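Undergrad: Taking my numbering, the leading residue of the sequence shown gets 154, the next gets one more, and so forth.
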Amino acid sequence: MPKPDIKRIRTYIEGFDEKLNGGIPQKNVVLIAGEPGTLKSTIAFYILYHNALKENASGVYITLEQSRESILSNMGGLGLDYSLVEKKLSVVDLAMIRKHLDTIGENTWMQIFKMYAENLKTTTDYQLFVIDSLPVLEMLAELKNPRNELFHFFEWLRDLDVTTFVITEMKPNSLEYCHFGEDFLADGLLHVKMEQVDEVTVQRRIRCVKMRNTQHSTNFYTLMLENGTLQVTRVLSEKT
Numbered sequence: 154m155p156k157p158d159i160k161r162i163r164t165y166i167e168g169f170d171e172k173l174n175g176g177i178p179q180k181n182v183v184l185i186a187g188e189p190g191t192l193k194s195t196i197a198f199y200i201l202y203h204n205a206l207k208e209n210a211s212g213v214y215i216t217l218e219q220s221r222e223s224i225l226s227n228m229g230g231l232g233l234d235y236s237l238v239e240k241k242l243s244v245v246d247l248a249m250i251r252k253h254l255d256t257i258g259e260n261t262w263m264q265i266f267k268m269y270a271e272n273l274k275t276t277t278d279y280q281l282f283v284i285d286s287l288p289v290l291e292m293l294a295e296l297k298n299p300r301n302e303l304f305h306f307f308e309w310l311r312d313l314d315v316t317t318f319v320i321t322e323m324k325p326n327s328l329e330y331c332h333f334g335e336d337f338l339a340d341g342l343l344h345v346k347m348e349q350v351d352e353v354t355v356q357r358r359i360r361c362v363k364m365r366n367t368q369h370s371t372n373f374y375t376l377m378l379e380n381g382t383l384q385v386t387r388v389l390s391e392k393t
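1) Using DSSP with H/G/I as helix, E/B as strand and the rest coil, what is Ala294?
2) What is the residue span of the beta strand (DSSP E) that Thr375 lies within?
3) Quick check on this structure: which residue in Phe318, Leu338, Pro325, Leu328 has the alpha carbon closest to the alpha carbon of His305?
4) Buried or exposed for Ile289, going by 16 or more other Cβ atoms inside 10 Å?
5) Just the Cα atoms here: how many angstroms apart are Phe398 and Gly175?
6) Taking only runs that begin and end inside the segment 261-293, name each unbroken alpha helix (DSSP H) of 4 or more residues, in chain order.
7) Pull up the distance between the alpha-carbon of Val244 and that of His369, whole angstroms please.
8) When you compare only the Cα positions, how much space is there between Thr382 and Leu192?
9) Could you tell me which of Leu201, Glu271, Gly212 sits nearest to Leu310, measuring between CA atoms?
10) For Pro178, list the residues DSSP reports as bridge partners.
11) Would you mind listing the beta strand (DSSP E) stretches within the segment 167-239 that are 3+ residues and don't spill past its ends, in chain order?
12) Contact check, Ala186 vs Leu342 under 8 Å by CB: the rounded distance?
13) Examine the Cβ distances between the segment 217-233 and the segment 193-203 and report whether three or more of them are shorter than 8 Å.
14) In this structure, does DSSP put Phe333 in helix, strand or coil?
15) Just tell me which of Arg387, Lys324, Gly190, Phe307 has its CA closest to the CA of Ile284.
16) Identify, in the order they occur along the chain, each residue of the same chain with its Cβ nearer than 6 Å to the Cβ of Asp340, setting aside the five sequence neighbours on each side.
17) Could you please give the first and the last residue of the uninterrupted alpha helix (DSSP H) stretch that includes Glu352?
18) Cβ of Glu188 within 8 Å of Cβ of Lys346?
19) Give the range of the beta strand (DSSP E) segment to which Asp340 is assigned.
20) Span of the beta strand (DSSP E) holding Asp246?
21) Classify Met249 as helix, strand or coil using the three-state DSSP reduction.
22) Counting Cβ pairs closer than 8 Å, one from the segment 349-357 and one from the segment 211-231, do we hit at least three?
23) So, helix, strand or coil for Asn366, using DSSP?
24) What is the DSSP secondary structure of Leu389, reduced to helix, strand or coil?
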């Protein structure tokens, strides 16, 4: 049973919150890591969407690469109707600023990013926050001392006093979740991957590698998306 004194954010992925002892502890900073095509952005949006829909929790999804229209079109195609949550869930496209980097003056990209996030916190008082994605943010920020600067960035995220999901890309066939050891800075890490189980079948799988402030399973589970619903099941098929 989950500890009653720990407030949690449910993922609403059917069968997965039970593996997290009830959900993700509030105000944790959680990485979602995986190769392309593993539903990282979908998982992050799905969590914000269902918390807005079912818990009336406000959220902000900042995209640095895909356009806002592309994000909403993709999610709508999966059965997530944005019109139902648009008053509680803001999707913010900062990719447009990338086209005008020469006009930001003396401010650094990281300063611009933080300013947007802090202003949105003031105007919307969001409780859930997604950054899509960390590698793009790191590239734009042109970090001179990555480990030190990222340490301070993660501390800034904690100071926002919200639950944060940060999407990060893994290289194909790599065992490294991040480029600069960000997984050590985060409170939680969800790993999603593609697993070939026979000559024709490939499954998506998810596991919680770590999560501070809660007990949790570290096993992989099969991740499925059907009719707009994410769900996990015990891994039944293995490659022979």
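Quick reminder that beta carbons are idealized off the backbone N, C-alpha and C, glycines included.
Just so you know, these numbers come straight off a predicted model, no measurement behind them.
TA: In this structure, then:
1) helix
2) 374-379
3) Leu338
4) As written in the sequence, residue 289 is Val, which differs from the Ile given in the question. With 16 or more other Cβ atoms within 10 Å, it is buried.
5) What the structure shows of the chain is the stretch from 154 to 393, and residue 398 is not part of that stretch, so it cannot be assessed.
6) 262-277
7) 30 Å
8) 12 Å
9) Glu271
10) Arg161
11) 182-187, 212-216
12) 6 Å
13) yes
14) coil
15) Phe307
16) Asn181, Val182, Arg365
17) Here Glu352 belongs to no alpha helix (DSSP H), and DSSP marks it neither H nor E.
18) yes
19) Here Asp340 belongs to no beta strand (DSSP E), and DSSP marks it neither H nor E.
20) 242-246
21) helix
22) no
23) coil
24) coil
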